[in-house]
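Participant: I am attaching a structure below and will ask some questions about it afterwards.
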Amino acid sequence: MPEIPELAATVEAVLAVAGEPVTLEALLAVVGEGVERARLEEAVEFVRRRHDQEGSGILIEHVAGGWRMATRPQHEGALREYLGYRSRARLSQAALETLAIVAYRQPITLPEVNYLRGVNSAAVVRTLLERKLVVVAGRKQVVGTPLLYRTSKEFLIHFGLPDLSALPSPEEVEEVAGEGPSEP
Amino acid sequence: MDPLLLTAGEPVGPAVVLPVFEGPLDLLLHLVREEKVSIWDIPIAKICDQYHEILRRMEQLDLEIAGEYLVYAAWLLLIKSRMLLPRHGGDEGDPRQELVVRLAEYERVKVAAAELAGLAELRRGVEAVRFALPAAPAEVELDLEDVDVVALAGALREVLERHVREHPAALHLDPIRFSVREKIVELFELVSRQRSFPLLSHLLTRPDRLESVTLLVAALELVRLKTAKAHQRRPFAEIYLTLTGEPLRVEGLTDA
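Line by line, the protein sequences give chains A and B. Numbering follows the numbering used here, in which position 7 of the first sequence is assigned residue number 57; successive positions increment by one, without gaps. Numbering follows the numbering used here, in which position 14 of the second sequence is assigned residue number 81; successive positions increment by one, without gaps.
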């Protein structure tokens, strides 16, 4: 039975070559027989803490249902310099609003998005599809069978969310939004 | 215009730069907040003026966007007119209800969008780490017992087909063994020996296919040159060649 530090080193090696979130199930499959889930979770936590404590430029993050090795945000300037980026294009207000609607109401059709935003959002949705932040999730069985959209794995990675339940809760959003439709 | 690009700073009018709004709902929400009025007491006339102002500045812009503002302006006026009419009983509901609900919904969308923007901002510079691997993954070792015979046969067929595809058969050219000109002369002599010459039996008895073909072309040439005539009583019956009396001139003929 491998010790936690040894297991942790294996996990680290796998994450290093994966380049994308690796689920606990996938990790379980590679560490060999007889390793319990809880021990593996402990091992993942071990690598994560080690990277945090050693002041490493790399972190282990829990996103999109798995674990992923990524660079730390404080080195953005250095990375940009080295890679020769200008700056990664931020999402526009229209894109953020549309993403927010899709994220909280998925699966949702374009007409429904248009209704909530009060403007036609076809072009925005198309761009979000191109950036793989939303994906098509079938068709709604209503007149015209419009396409349904939902957020993608890429969406979770982009915003650093382990899963959709990690989105700010509607109650939290409500609190910030303030005055609701209370009766006059 | 790419909707994902920030449009702040885009000149909307000659001198005044208005804040950029994501459509009529956004502008409405902004005005309500700015005027610090309850969303139940929206000064509709004032808002319509604002819409009109926006439209005036956008005259040369997108008709679709202008249409969105017009729809809202019309809706607001409808609400206003309903408010002015005396209400019959309590079952009609407040004409402002839907507008209030939509504004509140939209405000929540804006807050959620801001939350997302905040999350994304925290993650600038977070890039996936992936140690470079050799371009091609190492050859997977296969246990022979695991190899499916059908799959193997399929793989072989594929290899063979690819081989054929990539190595098309070379164009094979045979040397010319019979010349039409020779055959014309030969046929002319044969036909001149008898009144009518059975061409078909002659062709069918040649030992060499290529010779038959050349002879047939030669026969056609003779007919074309009006040196001979061809007769056939019915389809597939014997074809007889007879000379017309025209002299044979082979000077202009090629050998092909």
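Quick reminder that beta carbons are idealized off the backbone N, C-alpha and C, glycines included. Because the structure is a prediction, the values reported are computed rather than measured.
(1) Can you list the residues of chain B that A/Gln143 reaches, using a CB-CB cut of under 8 Å?
(2) If you count every other CB in all the chains shown that lies within 10 Å of the CB of B/Met68, and 16 or more means buried, which is it?
(3) Find out if the Cβ-Cβ distance for the pair B/Val193, A/Glu204 is shorter than 9 Å.
(4) Can A/Pro123 and B/Leu189 be called in contact, C-beta distance under 9 Å?
(5) Identify the contact partners of A/Pro212 in chain B, using a Cβ-Cβ distance below 7 Å as the criterion.
(6) Output the boundary residues of the alpha helix (DSSP H) element that contains B/Ala327.
(7) Spatial neighbours of B/Lys250 within its chain, please: C-beta separation below 7 Å, excluding the five flanking residues on both sides.
(8) Please state whether DSSP places B/Gln164 in a helix, a strand or coil.
(9) Is B/Asp275 near B/Phe245, with beta carbons less than 9 Å apart?
(10) Of the choices B/Leu308, B/Arg300 and B/Pro302, whose alpha-carbon is the least far from that of B/Lys293?
(11) Rank B/His230, B/Gly90, B/Leu289 and B/Leu266 by C-alpha distance to the C-alpha of B/Phe303 and give the top, closest one.
(12) Along the beta strand (DSSP E) that carries A/Ile207, what are the first and last residues, could you check?
(13) If you drop the 5 nearest sequence neighbours on each side, which residues of the same chain put their C-beta closer than 7 Å to that of A/Pro234?
(14) Check the Cβ of A/Gly69 against every Cβ in chain B and list those closer than 8 Å, keeping chain order.
(15) My guess is that A/Ile207 and A/Ala114 are in contact by the Cβ rule of under 8 Å, so how many angstroms apart are they, rounded?
(16) Tell me, please, whether the CB atom of B/Gly160 is closer than 9 Å to any CB atom in chain A?
(17) Classify B/Arg232 as helix, strand or coil using the three-state DSSP reduction.
(18) On a Cα-Cα basis, can you pick out the residue from A/Val97, A/Met119, A/Leu74 and A/Glu131 that is closest to B/Phe198?
(19) Buried or exposed for A/Ser202, please, with buried defined as at least 16 other CB atoms from any protein chain shown within 10 angstroms of its CB.
(20) Rounding to the nearest angstrom, what Cα-Cα distance links A/Val94 and B/Leu219 in this structure?
(21) Based on Cα-Cα distance, which residue from B/Val178, B/Ile109, B/His234 and B/Ile121 lies nearest to B/Lys147?
(22) Spatial neighbours of B/Asp116 within its chain, please: C-beta separation below 6 Å, excluding the five flanking residues on both sides.
(23) Is it a yes or a no for the region 187-195 of chain A touching the region 144-162 of chain A, going by three-plus beta-carbon pairs under 8 Å?
(24) How would you write the range of the alpha helix (DSSP H) that B/Leu308 sits in, first residue to last?
(25) Under a Cβ-count criterion, where at least 16 other Cβ atoms within 10 Å of its own Cβ denotes burial, should B/Ala177 be classed as buried or exposed?
(26) At a CB-CB cut-off below 7 Å, which residues of chain A make contact with B/Lys177?
(27) Is there a Cβ of chain B sitting closer than 9 Å to that of A/Gly168, yes or no?
(28) Alpha carbon to alpha carbon, how far is A/Arg167 from A/Leu146? Give it in angstroms, no decimals.
(29) What is the C-beta distance between A/Val80 and A/Gly116, in whole angstroms, given that I count them as a contact (C-beta under 8 Å)?
(30) List, in order along the chain, the chain A residues whose C-beta lies closer than 9 Å to that of B/Leu92?
(31) With 16 as the cutoff for other CB atoms within 10 Å, does B/Ala171 come out buried or exposed?
(32) By DSSP's criteria, A/Arg118 is part of a beta bridge. Which residues make up the other side?
(33) When you compare the CB of B/Ala171 with every CB in chain A, is at least one pair closer than 9 Å?
(34) Give a yes or no on whether 9 Å exceeds the smallest Cβ distance from B/Ile109 to chain A.
(35) Kindly indicate which three-state DSSP category B/Leu71 falls into: helix, strand or coil?
(36) State the Cα-Cα distance for the pair A/Glu86 and A/Val64, rounded to the nearest angstrom.
Facilitator: Answer, in terms of the structure:
(1) Residue numbering aside, residue 143 of chain A sits at position 93 when the first sequence is read from its first letter. Within chain B, the residues near A/Gln143 are Leu73, Val87, Glu89 and Ala180.
(2) In the second sequence, counting from the first residue as 1, residue 68 of chain B sits at position 1. Confidence at B/Met68 is low in this model, with a pLDDT of 40, below 50, so the placement of that residue is unreliable and no value is reported for it.
(3) Taking the first residue of the second sequence as 1, we reach residue 193 of chain B at position 126. Taking the first residue of the first sequence as 1, we reach residue 204 of chain A at position 154. Going by C-beta atoms, B/Val193 is not nearer than 9 Å to A/Glu204.
(4) Translated into positions along the first sequence, residue 123 of chain A becomes position 73. Translated into positions along the second sequence, residue 189 of chain B becomes position 122. Closer than 9 Å, so yes.
(5) Reading the first sequence from its first residue, position 162 is the one you call residue 212 of chain A. Residues of chain B passing the Cβ test: none, with the nearest at roughly 12 Å.
(6) Residue 327 of chain B falls outside the range modelled here, since chain B spans only 68 to 323, and no answer is possible.
(7) Counted from its first residue, the second sequence places residue 250 of chain B at position 183. Counting only Cβ-Cβ distances below 7 Å, and skipping sequence neighbours, we find Thr281, Leu282 and Ala285.
(8) Position 97 of the second sequence holds residue 164 of chain B. If DSSP states are grouped into helix, strand and coil, B/Gln164 belongs with the helices.
(9) Taking the first residue of the second sequence as 1, we reach residue 275 of chain B at position 208. Taking the first residue of the second sequence as 1, we reach residue 245 of chain B at position 178. Result yes, Cβ atoms of B/Asp275 and B/Phe245 sit closer than 9 Å.
(10) Here residue 293 of chain B refers to the residue found at position 226 when the second sequence is read from its first residue. Nearest option by C-alpha distance: B/Leu308.
(11) Position 236 of the second sequence, counted from the start, is the residue given in the question as residue 303 of chain B. Of B/His230, B/Gly90, B/Leu289 and B/Leu266, the residue nearest in Cα terms is B/Leu266.
(12) The count along the first sequence starts at 1 and reaches residue 207 of chain A at position 157. It is not in any beta strand (DSSP E) - A/Ile207 instead sits in the alpha helix (DSSP H) that spans Lys203 to His208.
(13) By 1-based counting over the first sequence, the position of residue 234 of chain A is 184. In this predicted model, A/Pro234 has a pLDDT of only 42, less than 50, meaning its place in the structure is not dependable enough to derive any value.
(14) The residue you call residue 69 of chain A lines up with position 19 of the first sequence. Chain B residues near A/Gly69: Ala195, Val196 and Arg197.
(15) Here the question's residue 207 of chain A lines up with position 157 in the first sequence. Here the question's residue 114 of chain A lines up with position 64 in the first sequence. A/Ile207 to A/Ala114, Cβ: 5 Å. Contact.
(16) What you label residue 160 of chain B is simply residue 93 of the second sequence in a count that begins at 1. Not closer than 9 Å to any Cβ of chain A, the Cβ of B/Gly160 fails to qualify, so no.
(17) Locating residue 232 of chain B in the second sequence gives position 165, counting from the first residue. In the structure shown, B/Arg232 sits in a helix (DSSP, three-state: H, G or I).
(18) Indexing the second sequence from 1 puts residue 198 of chain B at position 131. Looking at the Cα atoms, A/Met119 is the closest of the given residues.
(19) The sequence position of residue 202 of chain A within the first sequence is 152, counting from 1. Buried, by the Cβ-count rule.
(20) Here the question's residue 94 of chain A lines up with position 44 in the first sequence. Here the question's residue 219 of chain B lines up with position 152 in the second sequence. Distance between the alpha carbons of A/Val94 and B/Leu219 is about 41 Å.
(21) Reading the second sequence from its first residue, position 80 is the one you call residue 147 of chain B. Selected option, being the one with the closest Cα: B/Ile109.
(22) Looking up residue 116 of chain B in the second sequence gives position 49. There are no such residues.
(23) yes
(24) Locating residue 308 of chain B in the second sequence gives position 241, counting from the first residue. Segment Ile306 to Leu310 is the beta strand (DSSP E) holding B/Leu308; no alpha helix (DSSP H) there.
(25) For the purposes of this step, residue 177 of chain B is taken as the residue at position 110 of the second sequence. According to the sequence displayed, residue 177 of chain B carries Lys and not Ala. Flag for B/Lys177 reads buried.
(26) Position 110 of the second sequence holds residue 177 of chain B. Result: Glu147.
(27) Counting from 1 along the first sequence, the entry for residue 168 of chain A is found at position 118. Closer than 9 Å: yes.
(28) Here residue 146 of chain A refers to the residue found at position 96 when the first sequence is read from its first residue. Here residue 167 of chain A refers to the residue found at position 117 when the first sequence is read from its first residue. Those two C-alpha atoms are separated by around 11 Å.
(29) Along the first sequence, read from residue 1 onward, the residue named residue 80 of chain A stands at position 30. Along the first sequence, read from residue 1 onward, the residue named residue 116 of chain A stands at position 66. That pair is no contact at about 13 Å.
(30) Taking the first residue of the second sequence as position 1, residue 92 of chain B is located at position 25. Going along chain A in sequence order, the residues near B/Leu92 (Cβ under 9 Å) are Leu166, Arg167, Gly168 and Val169.
(31) As a first step, residue 171 of chain B is located in the second sequence; it is residue number 104 there, counting from the start. Per the 10 Å Cβ criterion, buried.
(32) As a working note, residue 118 of chain A is residue 68 in the first sequence. Partner(s): A/Glu111.
(33) Taking the second sequence and counting its residues from 1, the one referred to as residue 171 of chain B is at position 104. Answer yes: the Cβ-Cβ gap between B/Ala171 and chain A drops below 9 Å somewhere.
(34) Looking up residue 109 of chain B in the second sequence gives position 42. Judged by the 9 Å Cβ criterion, B/Ile109 is not in contact with chain A.
(35) For the purposes of this step, residue 71 of chain B is identified with residue 4 of the second sequence, where counting begins at 1. Here the model assigns B/Leu71 a pLDDT of 42, short of 50, so the residue's position is not dependable and the matter cannot be decided.
(36) Numbered from 1 along the first sequence, position 36 holds the residue referred to as residue 86 of chain A. Numbered from 1 along the first sequence, position 14 holds the residue referred to as residue 64 of chain A. Distance between the alpha carbons of A/Glu86 and A/Val64: 18 Å.
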